[in-house]
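Right, one structure below, let's go through it.
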C-alpha cells in the first residue's frame with residue numbers, strides 16, 4: 001500500500017471517529033447519557049450501523065471515548081488560560097474560575113453510566129494531572145505572596161479542588177463568581193486576607 | 001401474650017440487632033466492607049447462622065443498617081457539639097471540625113459496596129439534614145457578624161461541605177486543623193478576614 005493511501009485511510013478513520021464523538025456530544029447534551037444509542041449515532045453521522053460497529057463495539061466504548069475527549073479538551077483549555085494570563089495570582093484565579101465553569105456545565109451525570117465513566121483509568125490520570133497543575137499554580141502564587149504559606153500547597157490544592165466541586169450545584173454565573181471569591185479568600189495570606 | 005413478655009422479646013430483638021451491628025462495625029474497621037460475611041458475624045455475636053438470617057436477609061442488608069446507624073450517630077454527635085458550644089462563631093467552627101474529623105476517619109470505602117451504601121435514600125435524607133443544619137449555623141454566625149454576608153448562606157454551606165470533603169484525603173490531625181482554618185478564612189467577612 002503506497003504511503004499516501006494509508007495516510008488517506010488514517011485521516012478518514014480519524015474524521016469518522018471525531019464525527020461519531022461530535023454526534024455523541026450532541027446527543028448527551030440533549031438527552032443525557034442514557035439517550036445515546038448506536039442507531040441514533042449512525043443516523044446522525046450518516047453512516048450505516050455496521051460501519052459504526054467497525055469503529056466502536058458498543059455505546060459504552062463510544063461514551064468512554066467521548067468522555068476522554070471532553071476531559072482532554074478541558075485540561076487543554078486550562079493550560080491555555082494559564083499561558084494567556086500574566087501574574088501568578090491572576091493565573092490561579094483564572095484557572096479556578098474556568099474549572100468551576102466547566103464543573104457547573106458538567107453537572108451531575110445520571111447514575112450507573114456516570115459511575116462507569118468516572119471509574120476509568122483515564123479519569124484517575126486526568127485527576128492526578130489536574131491536581132499537579134493546580135498545585136504548581138498555588139506554589140507560584142504563594143511565592144508571589146498572593147497565597148498563604150502557613151498551609152502546605154498540596155493541602156491548599158485539595159481544599160481548592162474539593163471546594164470547587166460545589167460548582168456542580170450552582171448554575172448561576174454570579175453564584176459561581178461568589179464561590180471563586182470565597183475560595184480565594186480562604187487561600188489568601190492572613191495579613192492580606 | 002402478656003405485655004411484659006412481648007416487651008421482653010422486643011428488647012431481646014433490639015439487643016441482638018445492636019450486637020450484630022457492633023460486630024459488623026468491628027469487622028468493617030478491621031477488614032473493610034468486603035470483609036464482612038454472615039458466618040463471621042454469627043460467630044462473633046455468638047448466635048447461629050439460621051438465627052442471624054431471621055434478623056437480616058443478607059450481608060447487604062446488615063451493611064445498610066450499620067451504615068444508617070453510623071450516619072445517625074454522626075449527626076447526633078454534631079447536634080451535641082452544637083448545643084455544648086457557646087457563641088455562634090465557635091459553634092460553626094466546632095461542628096465543622098467534628099465533621100472533618102468524622103469524614104477523615106470514614107475515608108474512602110472500597111468500590112461497589114460503597115456505591116451501594118451511598119445510593120440509599122437514608123444517605124440522601126441525612127445529607128439534606130446535614131445541609132440544613134450547617135446552613136442554620138452559617139446564618140447564625142453571619143447574624144453575629146462572624147461570617148460574610150456578601151454571599152448567600154446556602155452557597156456558603158455548599159462551599160463548606162464540599163471543601164470539608166478534602167478531609168477524606170487527610171489523615172493527620174494537624175492537616176485537618178489547617179483545612180478548617182482555611183475554610184473559615186474563606187467564610188470570614190472581608191473587613192475581618
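Protein chains in written order, with UniProt numbering: chain W, 1 to 193; chain A, 1 to 193.
Where is the CB? At the ideal position from N, CA and C, for every residue including glycine.
Everything numeric in this text was worked out from a predicted model, so none of it was measured.
Residue-level contact check: residue 53/W does not touch chain A, since none of the beta carbons of chain A fall below 8 Å from its beta carbon. For residue 162/A, the enclosing alpha helix (DSSP H) starts and ends at 153-164. Using a CB distance below 9 Å, the part of the region 168-185 of chain W facing chain A consists of 168, 169, 170, 175, 178, 179, 181, 182, 183, 184 and 185, ordered along the chain. Annotated as proximal: residue 176/A and residue 104/A, with beta-carbon spacing under 8 Å.
Around the beta-carbon of residue 46/A, fewer than 16 other beta-carbon atoms lie within 10 Å, marking it exposed.
Between residue 89/A and residue 21/A, the beta carbon gap of about 36 Å keeps them out of contact (Cβ cut-off 8 Å). Between residue 113/W and residue 99/W, the gap from beta carbon to beta carbon reaches 8 Å or more.
Using a Cβ-Cβ cut-off of 8 Å, residue 151/W counts as an interface residue toward chain A, since at least one Cβ of chain A sits closer than that to its own. Interface flag for residue 99/A against chain W is unset, since no Cβ pair is found closer than 8 Å.
By the Cβ test, the region 126-134 of chain A is not in contact with the region 123-134 of chain W, since fewer than three Cβ pairs between them sit closer than 8 Å. Of all residues in the region 11-22 of chain A, none is placed with a Cβ closer than 7 Å to any Cβ belonging to chain W. Not one beta carbon of chain W lies nearer than 8 Å to the beta carbon of residue 125/A.
In the assembly as shown, residue 185/A is a buried residue. Its beta-carbon has 16 or more other beta-carbons within 10 Å. Under the Cβ distance rule, residue 155/W counts among the residues neighbouring chain A, one pair being separated by less than 8 Å. By the Cβ-count criterion, residue 142/A is buried, with 16 or more other Cβ atoms from all chains shown falling within 10 Å of its own Cβ. Contact with chain A is absent for residue 27/W, since none of that chain's Cβ atoms lies less than 8 Å from the residue's Cβ. For the region 126-145 of chain A, the beta-carbon criterion of a distance under 8 Å to any beta-carbon of chain W is satisfied by none of its residues.
For residue 150/W, there is no enclosing alpha helix (DSSP H), as DSSP marks it with neither H nor E. Counting only runs that start and end inside the region 20-67 of chain W, the alpha helix (DSSP H) elements of at least 4 residues fall at 38-45 and 49-55. Straight across, the Cα-Cα distance linking residue 156/W with residue 153/A is about 23 Å. In terms of beta-carbon proximity, residue 115/A lines the interface with chain W, with at least one pair separated by less than 8 Å.
Burial check for residue 93/A: the Cβ neighbour count within 10 Å reaches 16 or more, so the residue is buried.
Residue environment: residue 135/W is assigned as buried (16 or more neighbouring CB atoms within 10 Å of its CB, all protein chains considered). Linking residue 164/A to residue 101/A through their CA atoms gives a straight-line distance of about 9 Å. Residue 86/W sits in coil when the DSSP states are folded into three classes, being neither helix nor strand. Residue burial is scored here from C-beta neighbours: residue 106/W has fewer than 16 other C-beta atoms within 10 angstroms and is therefore classed as exposed. Proximity to residue 15/A across 91/A, 35/A, 55/A and 4/A peaks at 55/A, based on C-alpha coordinates. Excluding its 5 nearest sequence neighbours in each direction, residue 69/A has C-beta neighbours in its own chain below 7 Å: 21, listed in chain order. Closer than 8 Å to the CB of residue 162/W there is at least one CB belonging to chain A.
By the neighbour-count definition (other C-beta atoms within 10 Å, threshold 16), residue 9/W is an exposed residue.
The beta carbon of residue 170/A is closer than 7 Å to those of 104, 176 and 179 in its chain, skipping five residues each way along the sequence. Under the DSSP assignment, residue 167/A falls outside any alpha helix (DSSP H); it carries neither an H nor an E label. Residue environment: residue 166/A is assigned as buried (16 or more neighbouring CB atoms within 10 Å of its CB, all protein chains considered). Within the same chain, and ignoring the five residues on either side of residue 83/A in sequence, no residue has its Cβ closer than 7 Å to its Cβ. Residue state for residue 120/A is assigned as coil, using DSSP reduced to three classes.
Taking a 10 Å sphere around the C-beta of residue 148/A, we find 16 or more other C-beta atoms and assign the residue as buried.
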